[in-house]
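A.B. asks:
Chains as they are written, first to last, in this note's numbering: chain Y, 1 to 331; chain F, 1 to 331.
1) Should residue 103 of chain F be flagged as near chain Y, meaning a C-beta pair shorter than 9 Å?
2) If we count the other Cβ atoms within 10 Å of its Cβ and call it buried at 16 or more, is residue 14 of chain F buried or exposed?
3) I'd like to know if residue 162 of chain F contacts chain Y, where contact means its C-beta is closer than 9 Å to some C-beta of that chain.
4) What's the C-alpha gap between residue 157 of chain Y and residue 215 of chain Y?
5) Determine, using beta-carbon pairs with one atom in the stretch 311-330 of chain Y and one in the stretch 278-294 of chain Y, whether at least three such pairs fall under 8 Å.
6) Strictly below 7 Å CB to CB, what residues from chain F border residue 306 of chain Y?
7) Between residue 49 of chain F and residue 42 of chain F, what straight-line distance do the alpha-carbon atoms span, to the nearest angstrom?
8) Are at least three pairs of beta-carbons, each pair with one atom in the stretch 159-174 of chain Y and one in the stretch 100-120 of chain Y, less than 8 Å apart?
9) Closer than 7 Å by beta-carbon distance: list the chain F residues that pair up with residue 154 of chain Y, in chain order.
10) Got a sec, what are the start and stop residues for the alpha helix (DSSP H) residue 128 of chain F sits in?
11) Use the C-beta contact count for residue 137 of chain Y: other C-beta atoms within 10 angstroms, 16 or more gives buried, fewer gives exposed.
12) Give me the subset of the stretch 213-227 of chain F whose CB atoms are less than 7 Å from a CB atom of chain Y, sorted by chain position.
13) Mind reading off the beta-carbon distance from residue 148 of chain F to residue 244 of chain F? Whole number of angstroms is fine, and I expect it under 8 Å.
14) Contact between the stretch 180-188 of chain F and the stretch 215-234 of chain F is defined here as three or more beta-carbon pairs at a separation below 8 Å; is this criterion met?
15) For residue 237 of chain F, which option in F:247, F:222, F:250 has the closest C-alpha, if you only look at C-alpha atoms?
16) Do residue 310 of chain F and residue 172 of chain Y have their CB atoms nearer than 9 Å?
17) Please report the straight-line C-alpha distance between residue 71 of chain Y and residue 307 of chain Y, rounded to a whole angstrom.
18) Contact between the stretch 253-267 of chain F and the stretch 119-128 of chain F: three or more CB pairs below 8 Å?
19) For the alpha helix (DSSP H) that contains residue 221 of chain F, what are its first and last residues?
20) Check the Cβ of residue 7 of chain F against every Cβ in chain Y and list those closer than 7 Å, keeping chain order.
21) Where does the unbroken beta strand (DSSP E) through residue 70 of chain F begin, and where does it stop?
22) Comparing alpha-carbon positions, which option in F:78, F:110, F:80 lies nearest residue 69 of chain F?
23) Quick one, are the C-beta atoms of residue 367 of chain F and residue 213 of chain F less than 9 Å apart?
24) Residue 17 of chain F touches chain A at which residues, Cβ-Cβ below 8 Å?
25) Provide the residue span of the beta strand (DSSP E) that contains residue 44 of chain F, from first to last.
26) Do you know offhand how far residue 83 of chain F's Cα is from residue 283 of chain Y's?
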């Protein structure tokens, strides 16, 4: 059972999850056969995953597929469903200096019944449904009083930490606010206290004014390469209107977002081949007094180079592609 | 010229260094010839690097080598020597919202005249000299009033961000305290204020008491896999006696340290083949009121898996090898 431990020097949470070492990796190398004989995420193999916690029907009954999107608990979770009974070792060690059980939800969003790999392989409608699934599962997390926040992320490509190539994302629902999000909340709160404005609103306004790092604007959204992009070709997507929670988005906004996301990934593929990338959806914690100073956003992070000793030891990122140049290429 | 920019949402410093995109990569793949035709770090090619800022003579005159260790400014620096004149664009834009020149030292420590790759390829005496070189260059940084702190790091193996395989490390001398070190300083200061003790002294005492994560103790040093190891087989080395600055170490301590480092890397190689890894030397800032609550240390970080969306989006690390198991294997 995974155990959560706190590293007091860096203030980092670590999950020790020995079972995950045995999880399968099915990424094919160029030398492998292009035919995949067994993928537990494909339609027809539903009994090889954990039972689904949510399933979305095919968009048309004529597709012949049994479903279009499924969310299943991760078979090798880093977080254990809060409703599960704890093993004795944890029940007894509550007050000791040892780790604590790593509680929370850890789900896999299987984004197509077909064995495809990238969001750009989906139709617009299929991609729209994926974002609806994210929203619905976040709303489910929000009903659990133990869960403070949800995070959605995709690992696409082996350099991004992907272990299965069948298109999927992951979602976690956590009983604590993790460091990265807490830092964003603290910094945006401090900005709000000082200036009376939302940090993200101010940043996106500055990007619109300067223009040179903007990749695309839609009616409700803006996508730009941030002034201080940590990664080459990093792109952020923000709603232009202040909105702190992703899960409050209406269907029309999700449709606009999913189409923008497909276009942005197409642009990245056009410039960079099929790059490994992560995307992260950062949304406000679920607590009752919602964070008016926070602003949901998506970070798209191409993984073109390794984080090296300087990044790990100092937190300073070196980026050899100026965001102005990246945005110009992507436009 | 590299430009330093601040990312206000995460509080991260970013260096935009377009010139680094053109730096050479000479890492051989298995398919390549094992013979390397040109390496600018090898003896006899000194005119292909920037001029050395420090050189150490061969340990024996009979070696026939012109030197044993050289420190040269990075040809593709992320930080520009503070004594260099700024280009006009920066001189004029001091008060604007744009980035600032990325000032500091960025050196390469060439750790052998021979084309070898790993510290375990060096003799004890050669390895000892490498650590003396680190110390001497740190002491040089400390004499520059513009420079606040030094960081030493090694990127070994392609998964650790290495771009040249000839054995080397990098050192930076920075005019500001980077985030990761500032966090450690803040947290150890808070611990000191609360308990009147050094956080690192307390942690290493706990590790000695519990014992199960200790890999090795020498007269002056301890090496253990931390309770909340972020990475599989992560190892920290600390002096057992409270000491905040690496550059105050005497030769006998450096000798003990370099021998311990070679043994630890041998142990990692025995368990993991030739893993990619980083090591980082964290030492106190150079300012006049030295930090009595801080404790220099080395973090050895094997790079066995990719940082994925969960790590990037939440700061939570998942480690599938419990440090108790890693330490037992390494012992």
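Glycine is no exception: its CB is placed at the ideal position from the N, C-alpha and C atoms.
C.D. replies: Checking against the coordinates, here is how it stands:
1) Chain Y contact via Cβ: absent.
2) With 16 or more Cβ atoms within 10 Å of its Cβ, residue 14 of chain F is classed as buried.
3) Taking Cβ atoms only, chain Y reaches closer than 9 Å to residue 162 of chain F, which makes this a yes.
4) The alpha-carbon of residue 157 of chain Y is positioned some 23 Å away from that of residue 215 of chain Y.
5) They do not touch, by the three-pair rule.
6) Simply 159, 160, 161.
7) Cα-Cα distance, rounded: 10 Å.
8) The stretch 159-174 of chain Y vs the stretch 100-120 of chain Y: in contact.
9) Within chain F, the residues near residue 154 of chain Y are 309.
10) From DSSP, the alpha helix (DSSP H) with residue 128 of chain F extends over 124-142.
11) Here residue 137 of chain Y is buried: its Cβ has 16 or more other Cβ atoms, across all protein chains shown, within 10 Å.
12) So the list reads 226, 227, given in the order they occur along the chain.
13) With a Cβ gap of about 14 Å, residue 148 of chain F and residue 244 of chain F do not count as contacting.
14) In short, these stretches do not touch, since the Cβ pair count stays below three.
15) With respect to the C-alpha of residue 237 of chain F, the residue from F:247, F:222, F:250 having the closest C-alpha is F:222.
16) Yes, the Cβ-Cβ distance between residue 310 of chain F and residue 172 of chain Y is below 9 Å.
17) Answer to the nearest angstrom: the Cα atoms are 31 Å apart.
18) At 8 Å Cβ cutoff, the stretches touch.
19) Element bounds for residue 221 of chain F: not the alpha helix (DSSP H) but the beta strand (DSSP E), 221-224.
20) Those are 226, 228, 230, listed as they occur along chain Y.
21) Residue range 69-73 is occupied by the beta strand (DSSP E) that includes residue 70 of chain F.
22) Nearest option by C-alpha distance: F:110.
23) There is simply no residue 367 of chain F to check, as chain F begins at 1 and stops at 331 in what is shown.
24) Absence of chain A from the displayed structure is noted, the protein chains being Y and F.
25) Neither: residue 44 of chain F is in no beta strand (DSSP E) and is coded neither H nor E.
26) Distance between the alpha carbons of residue 83 of chain F and residue 283 of chain Y is about 45 Å.
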